[in-house]
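Take 1 as the starting number for the sequence shown in the numbering used here and just add one per residue.
Backbone N, C-alpha and C fix where the C-beta goes; we use that ideal spot for every residue, glycine too.
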Amino acid sequence: MMVHQPVMIEETLEMLNIKQDGTYVDATVGLGGHSSAILSRLDEHGRIVGIDRDDNALSIAFERLGNNRVHLAKGSFSSIDRILASFGVAGFDGVVFDLGLSMMQLKDLGRGFSFNSTERLDMRMDRSQALSAWDVVNRYQEKTIEKILKEYGEERLATKIAKAIISNRKQAAINTCSELAEIVSAVYGYRGKIHPATRTFQALRIEVNRELDELREGLSAAASGLRNGGRVCVISYHSLEDRIVKNFIRDGAKSGALRNITKKPLVPKAEETKRNPASRSAKLRGAEKI
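Structure representation (structure tokens):
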């Protein structure tokens with residue numbers, strides 16, 4: 001079984017303010033790291049509902065968490081209310097969102113998330129859905145690709161990269177991750193510390209998986225299902241996600257529905273970023289339902 005290091009686990013557990021007999025939702029259960037830690041603090045009456053779009057992650061989480069107090073479901077977190085209803089759960093005491101891509105997904109080259117993969121462009125978290133990164137790169141219009149790169153990747157060379165994609169695909173389909181990474185690298189003309197295709201790949205992944213829309217819908221659904229005093233905790237990894245979470249909490253506080261419990265986001269301690277470099281960009285925000 002893959003060893004998983006959940007990001008900012010102690011900070012998340014403290015922020016959740018766990019009740020031993022409470023019901024908690026892990027909206028991005030992944031390999032079960034956060035769920036496992038929450039479960040260790042629950043008594044026989046407490047339970048967890050774990051949600052993920054990735055079949056591989058769910059099977060690993062099931063193996064790790066297999067327990068009559070843990071319910072796992074395939075789905076997107078915008079469907080929290082429907083999934084909870086299917087388990088007969090009317091409300092919950094806390095919810096965790098650990099956003100972004102897992103190392104398992106990134107390292108599985110067949111999933112088509114990595115620059116280094118010579119496999120087909122894919123990037124679907126749920127492999128049963130139709131739209132993949134291949135479709136975006138090879139079928140979307142130039143202006144649409146440019147818009148995606150600007151909005152979801154904050155890519156300053158979006159116009160040039162979109163033009164290069166169209167030019168290359170006229171010769172032959174852009175089939176693999178490494179082919180696309182080379183096209184973007186050629187636009188930049190150099191390789192820096194951060195791979196030049198980083199923002200392009202982020203943008204495509206967000207488009208394919210509707211990540212920002214899912215986040216907005218998921219936060220709204222979570223706020224509806226939380227019991228009074230229940231808490232929502234969100235770990236984000238880039239500014240687009242963090243901005244949505246920040247605005248959601250701000251608006252909830254203004255309307256009197258939420259209490260902001262993180263005026264500034266928490267970030268990983270130095271020892272955690274040293275142990276797990278992937279945690280470097282993480283930001284944790286939380287709010288309590290009033």
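Would you mind stating whether residue i and residue j have Cβ atoms separated by less than 7 Å?
{"i": "I48", "j": "L39", "result": "yes"}
{"i": "V323", "j": "L65", "result": "No information on residue 323 is available, as it lies outside the stretch 1 to 290 that the chain covers here."}
{"i": "C177", "j": "S114", "result": "yes"}
{"i": "A85", "j": "L72", "result": "no"}
{"i": "I235", "j": "A287", "result": "no"}
{"i": "G50", "j": "S35", "result": "yes"}
{"i": "A164", "j": "V187", "result": "yes"}
{"i": "E11", "j": "L99", "result": "no"}
{"i": "V7", "j": "S224", "result": "no"}
{"i": "R199", "j": "E151", "result": "no"}
{"i": "N175", "j": "R120", "result": "yes"}
{"i": "A221", "j": "D81", "result": "yes"}
{"i": "D122", "j": "R53", "result": "no"}
{"i": "L31", "j": "C233", "result": "no"}
{"i": "L219", "j": "F248", "result": "yes"}
{"i": "I18", "j": "R41", "result": "yes"}
{"i": "V245", "j": "R216", "result": "no"}
{"i": "D21", "j": "D43", "result": "yes"}
{"i": "I166", "j": "E142", "result": "yes"}
{"i": "A270", "j": "N260", "result": "no"}
Buried or exposed: residue i, going by 16 or more other Cβ atoms within 10 Å of its Cβ?
{"i": "F202", "result": "It should be pointed out that residue 202 corresponds to Gln in this sequence rather than to Phe. With 16 or more Cβ atoms within 10 Å of its Cβ, Q202 is classed as buried."}
{"i": "T118", "result": "exposed"}
{"i": "M2", "result": "In this predicted model, M2 has a pLDDT of only 44, less than 50, meaning its place in the structure is not dependable; the value taken from the coordinates is given anyway. Exposed, because fewer than 16 other Cβ atoms sit within 10 Å of the Cβ of M2."}
{"i": "E211", "result": "buried"}
{"i": "P196", "result": "buried"}
{"i": "K289", "result": "buried"}
{"i": "Y190", "result": "exposed"}
{"i": "F77", "result": "buried"}
{"i": "N209", "result": "buried"}
{"i": "F97", "result": "buried"}
{"i": "I206", "result": "buried"}
{"i": "R124", "result": "buried"}
{"i": "P277", "result": "exposed"}
{"i": "E272", "result": "buried"}
{"i": "G192", "result": "exposed"}
{"i": "D334", "result": "In the structure as shown, the chain begins at 1 and stops at 290. Residue 334 is therefore absent and cannot be evaluated."}
{"i": "I79", "result": "A small fix is needed here, since residue 79 is Ser in this sequence, not Ile. With 16 or more Cβ atoms within 10 Å of its Cβ, S79 is classed as buried."}
{"i": "G291", "result": "No answer is possible for residue 291: the residues shown for the chain start at 1 and end at 290."}
{"i": "G33", "result": "buried"}
{"i": "A130", "result": "exposed"}
{"i": "E63", "result": "exposed"}
{"i": "I194", "result": "exposed"}
With which residues is residue i paired in a DSSP beta bridge?
{"i": "S236", "result": "K283"}
{"i": "I92", "result": "First, the amino acid is wrong: residue 92 is Phe here, not Ile. BP columns for F92 point to L226."}
{"i": "F97", "result": "V234"}
{"i": "N260", "result": "A287"}
{"i": "L266", "result": "L284"}
Could you spell out where the beta strand (DSSP E) holding residue i opens and where it closes?
{"i": "D26", "result": "T23 to D26"}
{"i": "K74", "result": "V70 to K74"}
Along the chain, where does the alpha helix (DSSP H) that runs through residue i open and close?
{"i": "K143", "result": "E142 to G153"}
{"i": "N116", "result": "No alpha helix (DSSP H) holds N116; DSSP gives it neither H nor E."}
{"i": "N17", "result": "N17 -> no alpha helix (DSSP H), and no H or E assigned at all."}
{"i": "I51", "result": "No alpha helix (DSSP H) contains I51, which is instead part of the beta strand (DSSP E) from R47 to D52."}
{"i": "N168", "result": "A158 to Q171"}
{"i": "R199", "result": "T198 to N209"}
{"i": "L58", "result": "D55 to L65"}
{"i": "N276", "result": "First-last for N276: undefined, no H or E at that position."}
{"i": "D126", "result": "Careful: D126 lies outside any alpha helix (DSSP H) and carries neither H nor E."}
{"i": "I80", "result": "I80 to S86"}
{"i": "Y188", "result": "C177 to Y188"}
{"i": "I38", "result": "G33 to L39"}
{"i": "R139", "result": "A133 to R139"}
Say whether chain B places a C-beta atom closer than 7 Å to the C-beta of residue i.
{"i": "E241", "result": "No chain B appears in this structure, which consists of one protein chain only."}
Is it a yes or a no for the segment 141-156 touching the segment 88-97, going by three-plus beta-carbon pairs under 8 Å?
no
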